[in-house]
Amino acid sequence: MSGPRERLLNHALERAFTEPEVDEERARKIAAAWERGVQGSGIDDLPENGTALEPDARKPAEPPAPVHRFATPRRVAAAAAVLVLGGAALWLASRGGTDPTPASDPPVLARAASPVEVRRGPARSSGLEIRAGDEVLSNADAPVRLDLERGGALTLYPAALVTFPEDEAAELLRGDLAVETPAAGGFRLGAGFADLRLEANAGVEAILEGEAPARVLRVAVARGGAELRLGALREPLAAGDVRIFREADPPPVPPTADDEAEVLARLAKIFPENYKNRGMWMEELDPLMEELVEFLEERPGGWAVVEREASRALTKPDTPFLYRETYLGVACWNDSGVSLPILRRLWLLAPEHFQIDHVLFGARLGAFELEREIDAIVAAAEEEERAKTSEDLVLAAAWLASRGDANGRRILEEFLSAPDPPDADLPLRWAAAVALDRGGLPAAWNRMRDGVARDVEEALDAGAPLRAANLVLQAEFARDLRASDPLRLEFLQYRRMGHFDTRGAVVQTEAEIRAALADLF
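Next up, the structure:
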């Protein structure tokens with residue numbers, strides 16, 4: 128499954144160049160905003176500063192990068208376009224010069240298996256020897272191996288840019304590389320805003336994308352161990368670990384030994400061994416989750432432990448669904464925003480495990496990539512002429528419609544126009560009506576509100592007090608949702624269950640139902 132970045136760029140490309148009625152200028156700005164890490168949905172007034180959609184015709188395009196650990200076919204295509212603009216094209220514009228070797232040669236630190244572009248001061252040359260202080264650009268259409276003089280090797284993928292400040296050290300300036308350390312002795316790999324200390328006989332891949340101050344670093348450990356240093360954080364990494372960091376996010380607080388032990392103990396209560404066999408009722412899980420988040424608010428270093436364990440759970444194929452759901456739920460448990468950077472990194476790590484509720488939560492708190500995912504959900508349904516009744520699509524359209532988006536409005540109006548909607552659709556119908564009302568179209572809300580009294584009376588006349596009580600409770604929840612600021616469309620089912628548990632005990636008899644109905648609006 129392609130990642131969120133690829134889906135966005137692919138969608139923007141398709142819309143910009145296959146549908147003449149689409150605003151190409153907006154498509155370019157979406158892509159440019161994504162590349163620069165702009166948060167929020169207001170992209171219309173942004174300067175472009177270049178775009179991944181229109182490479183300069185004067186500059187030859189780089190061939191696509193080969194598929195490797197992080198790559199997918201769409202990632203290769205998107206990354207190639209971005210890297211052409213950000214790196215390879217600049218090299219082509221500045222190439223020239225003669226033999227860069229000065230009279231007093233710095234020591235040779237590595238040798239390339241095939242020619243690479245060597246930048247030594249102002250000079251540029253294609254060569255095989257890499258010396259201290261050199262910058263190296265991989266301008267080939269296939270990975271290039273650099274054998275280190277002390278043992279081990281670096282593999283540069285197309286358009287990667289790396290420099291060698293000293294022996295046993297390299298700095299990744301842009302792109303994708305893999306490091307193999309020698310059997311004796313480690314290696315230091317700088318990567319923009321972070322630093323990796325690799326043990327002997329380790330294998331690590333690192334990808335550095337974007338521009339400061341919104342770069343993204345991805346690290347995958349194939350074998351051996353490493354330590355990632357980011358601000359005050361010192362995090363050990365072992366084989367199989369995959370970590371993603373954003374430069375713009377506040378640096379995580381390193382956990383103490385007590386933090387580690389306490390968080391793991393609390394997680395063990397949430398995830399008992401027999402969880403996947405017996406399940407866990409919400410009334411059991413709620414207090415445990417609340418206690419964990421309260422602890423994390425007092426001891427923020429524990430968030431690093433939660434993220435580490437969540438990353439492992441999301442990337443392990445046999446992790447039970449409820450485990451993955453609950454880990455993502457921890458990151459969405461509070462509105463303070465402290466866990467939003469973790470949610471964003473988990474999204475880049477494993478977007479296929481995100482449900483619409485997790486996407487809506489992140490979008491409401493301003494995660495631009497999750498806002499774009501909502502756009503992609505609606506656009507995909509429009510392009511594929513998919514039925515406009517799925518919960519994911521209705522909630523995504525509701526998020527857009529509440530902000531005045533025409534496509535979101537149209538989808539909700541189609542959904543609400545069904546002649547005989549089933550009772551199961553009632554919660555979504557209320558949510559759609561609230562969203563349209565927020566977006567400046569109150570007609571649907573007024574129809575739903577005016578129909579409550581009629582439907583409740585019909586249910587009571589038919590001797591169905593349970594249905595009448597359900598209708599009243601649904602309308603109460605919708606009224607409270609409409610009054611919420613900001614509008615919270617995520618976890619509607621969960622929050623509605625809480626409302627029913629609280630109010631259902633006092634809205635049961637016909638008199639209680641009529642009293643609640645009278646107090647509704």
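Residues 128 to 648 in our numbering are what the sequence shown spells out, letter by letter. In this text, a Cβ means the ideal position worked out from N, Cα and C, and glycines have one as well.
Cα separation between residue i and residue j?
i, j, result
"Leu522", "Gly493", "17 Å"
"Gln620", "Pro363", "39 Å"
"Glu639", "Ala586", "14 Å"
"Gly566", "Leu323", "48 Å"
"Glu374", "Arg342", "5 Å"
"Pro377", "Ala329", "29 Å"
"Gly655", "Phe604", "Missing from the structure shown is residue 655; the chain here goes from 128 to 648 and no further."
"Val634", "Phe627", "9 Å"
"Leu275", "Ser463", "47 Å"
"Ala353", "Leu563", "51 Å"
"Pro382", "Glu434", "11 Å"
"Leu299", "Glu262", "10 Å"
"Arg623", "Ala591", "21 Å"
"Gly531", "Leu283", "46 Å"
"Arg185", "Asp268", "Unreliable placement is indicated for Arg185, whose pLDDT of 29 sits below 50; the coordinate value is still reported in the next sentence. Taking the straight line joining both Cα atoms gives about 19 Å."
"Ala359", "Gly429", "14 Å"
"Arg499", "Pro340", "20 Å"
"Gly456", "Val420", "11 Å"
"Ala126", "Leu264", "Residue 126 is absent from the model: the chain starts at 128 and stops at 648."
"Ala503", "Phe481", "14 Å"
"Asp385", "Arg426", "10 Å"
"Ala327", "Ser611", "55 Å"
"Leu553", "Phe422", "37 Å"
"Gly302", "Thr446", "31 Å"
Ignore the nearest five residues each way along the sequence and tell me which others in residue i's own chain have a CB closer than 7 Å to its CB.
i, result
"Leu487", "Leu522, Trp526, Leu616, Glu617"
"Arg277", "Asp294, Glu295, Pro309, Gly312"
Nearest CA to the CA of residue i: which residue from the options?
i, options, result
"Leu335", "Leu355, Asp294, Leu288, Leu357", "Leu288"
"Arg350", "Asp612, Thr308, Thr446", "Thr308"
"Asp519", "Leu275, Leu555, Thr453", "Leu555"
"Pro549", "Leu598, Ala503, Asp502, Ser529", "Leu598"
"Ile397", "Ala318, Ala267, Arg451", "Arg451"
"Asn266", "Leu473, Arg258, Gly254", "Gly254"
"Pro233", "Pro292, Arg315, Arg622", "Pro292"
"Asp484", "Pro468, Ile501, Arg472, Phe495", "Ile501"
"Leu256", "Pro249, Gly535, Thr290, Ala286", "Reading off the sequence, residue 256 comes out as Glu, not Leu. The shortest Cα separation from Glu256 among Pro249, Gly535, Thr290, Ala286 belongs to Thr290."
"Ala632", "Arg609, Asp612, Ala596", "Ala596"
"Gln601", "Glu425, Ala384, Phe648", "Phe648"
"Ala259", "Pro447, Pro249, Ala237", "Ala237"
"Val243", "Gly279, Ala286, Val235", "Ala286"
"Glu436", "Trp460, Leu473, Leu355", "Leu473"
CB-CB under 6 Å to residue i, same chain, minus the five flanking residues each way: which ones, in chain order?
i, result
"Leu281", "Leu273, Leu304, Val306"
"Leu614", "Ser529, Arg565"
"Asp572", "Position check: residue 572 holds Trp in this sequence, whereas Asp was assumed. The answer, listed in chain order, is Ala560, Asp564."
"Ala240", "Arg272"
"Leu470", "Ala458, Gly489"
"Glu387", "Val432"
"Arg246", "Glu262"
"Thr629", "none"
With DSSP collapsed to three states, give me the class of residue i.
i, result
"Pro592", "helix"
"Arg201", "In this predicted model, Arg201 has a pLDDT of only 33, less than 50, meaning its place in the structure is not dependable; the value taken from the coordinates is given anyway. Note: Arg201 maps to helix in three-state DSSP."
"Val432", "helix"
"Gly456", "helix"
"Asp607", "helix"
"Thr442", "helix"
"Leu647", "coil"
"Val331", "strand"
"Asp183", "Caution is warranted here: a pLDDT of 33 is assigned to Asp183, below 50, making its placement in the model unreliable, and no coordinate value can be reported."
"Phe618", "coil"
"Glu389", "helix"
"Arg472", "helix"
"Phe398", "coil"
"Asp303", "strand"
"Pro629", "The sequence as given places Thr at residue 629; Pro does not occur at that position. Looking at Thr629 - three-state DSSP - the assignment turns out to be helix."
"Gly317", "strand"
"Phe372", "strand"
"Leu520", "helix"
"Asp261", "coil"
"Ala528", "helix"
"Pro554", "helix"
"Leu415", "helix"
Take residue i and list the residues in its own chain whose beta-carbon comes closer than 8 Å to its own, dropping the five residues that flank it on each side.
i, result
"Leu357", "Phe320, Ala321, Asp322, Phe372, Pro378, Pro379"
"Ala570", "Leu563"
- Evaluate contact between the stretch 439 to 452 and the stretch 462 to 479, counting only Cβ atoms and requiring at least three cross-stretch pairs below 8 Å. yes
- Within the chosen definition, does the stretch 579 to 589 reach the stretch 636 to 648 through at least 3 CB pairs nearer than 8 Å? Judged by Cβ distances under 8 Å, the stretch 579 to 589 makes contact with the stretch 636 to 648, as three or more pairs qualify.
- Pairing CB atoms from the stretch 380 to 396 with CB atoms from the stretch 410 to 422, are three or more of them under 8 Å? yes
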